[in-house]
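0 is the number of the first residue of the sequence shown in numbering that gives the first Met the number 0; add one for each residue after it. Here the structure is laid out as structure tokens; the discussion comes afterwards.
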Amino acid sequence: MNPESILQAFESKDPQAIHQATGAILRSRDRDWLHQLLPHVPRMREIVDKVDLGGAFLSNNASAKHALNWIENAEAGACQCTLYGTTSQWMPENEARNGNVEIESTEIDRKACETRYRVRCLECGTHYRVLEIMGWHLPQYQWRKETTGNS
Numbered sequence: 000m001n002p003e004s005i006l007q008a009f010e011s012k013d014p015q016a017i018h019q020a021t022g023a024i025l026r027s028r029d030r031d032w033l034h035q036l037l038p039h040v041p042r043m044r045e046i047v048d049k050v051d052l053g054g055a056f057l058s059n060n061a062s063a064k065h066a067l068n069w070i071e072n073a074e075a076g077a078c079q080c081t082l083y084g085t086t087s088q089w090m091p092e093n094e095a096r097n098g099n100v101e102i103e104s105t106e107i108d109r110k111a112c113e114t115r116y117r118v119r120c121l122e123c124g125t126h127y128r129v130l131e132i133m134g135w136h137l138p139q140y141q142w143r144k145e146t147t148g149n150s
């Protein structure tokens, strides 16, 4: 998707189109591309506030707001990994597949139905401890930035 098609998706108020545009924003690391969307964030946020975007287990409205926050954070020079701790939706495997992080270690605790990851952001080098909790229909992820002494 390009910036124009992202804007068209939001303006359409079609939940599926907005959901697809949200994914494109969240996957983007192209700051010039994101910069083109910045002036439109207030209008896009207004649309997200008025349209029920659905979502079976997790709110698609929350995901869309998360994407708009990424546009603003990117403009401020932040690394996208700063968003990892703000929602339980970031899957370490997907982020690794997309070339955003490296999974340095994985520990599975079958009794607790948990998986623990040590992850490094490939853009800024920040290390995270990620806890995957199974037990509902979708896994939940808790991202915690490692303190300086553990990096």
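By construction, the Cβ of each residue, glycine as well, lies at the ideal position given by its N, Cα and C atoms.
Nearest-angstrom Cα distance between S11 and H39?
One C-alpha to the other measures close to 14 angstroms.
If I17 sits next to A61, beta carbons under 8 angstroms apart, how far is it from one beta carbon to the other, in whole angstroms?
With a Cβ gap of about 12 angstroms, I17 and A61 do not count as contacting.
Can you say whether H136 is buried or exposed, counting buried as having 16 or more other CB atoms within 10 angstroms of its CB?
exposed
State the Cα-Cα distance for the pair Y140 and L130, rounded to the nearest angstrom.
Taking the straight line from one Cα to the other gives about 6 angstroms.
Residue burial classification, M133 (beta-carbon count within 10 angstroms, cutoff 16):
exposed
Counted within 10 angstroms of its Cβ, other Cβ atoms place S151 as buried (16 or more) or exposed:
With the chain running from 0 to 150 in the structure shown, residue 151 is simply not present.
According to DSSP, which residues form a beta bridge with T105?
Y116
Residues in its own chain within less than 8 angstroms of I46 by CB, not counting five upstream and five downstream?
F9, E10, K12 and I17
For E92, does the count of other Cβ atoms within 10 angstroms reach 16, so buried, or fall short, so exposed?
exposed
Measuring CA to CA, which of D48, E145, L6 and R28 is closest to R152?
What is shown of the chain runs 0 to 150, which leaves residue 152 out entirely.
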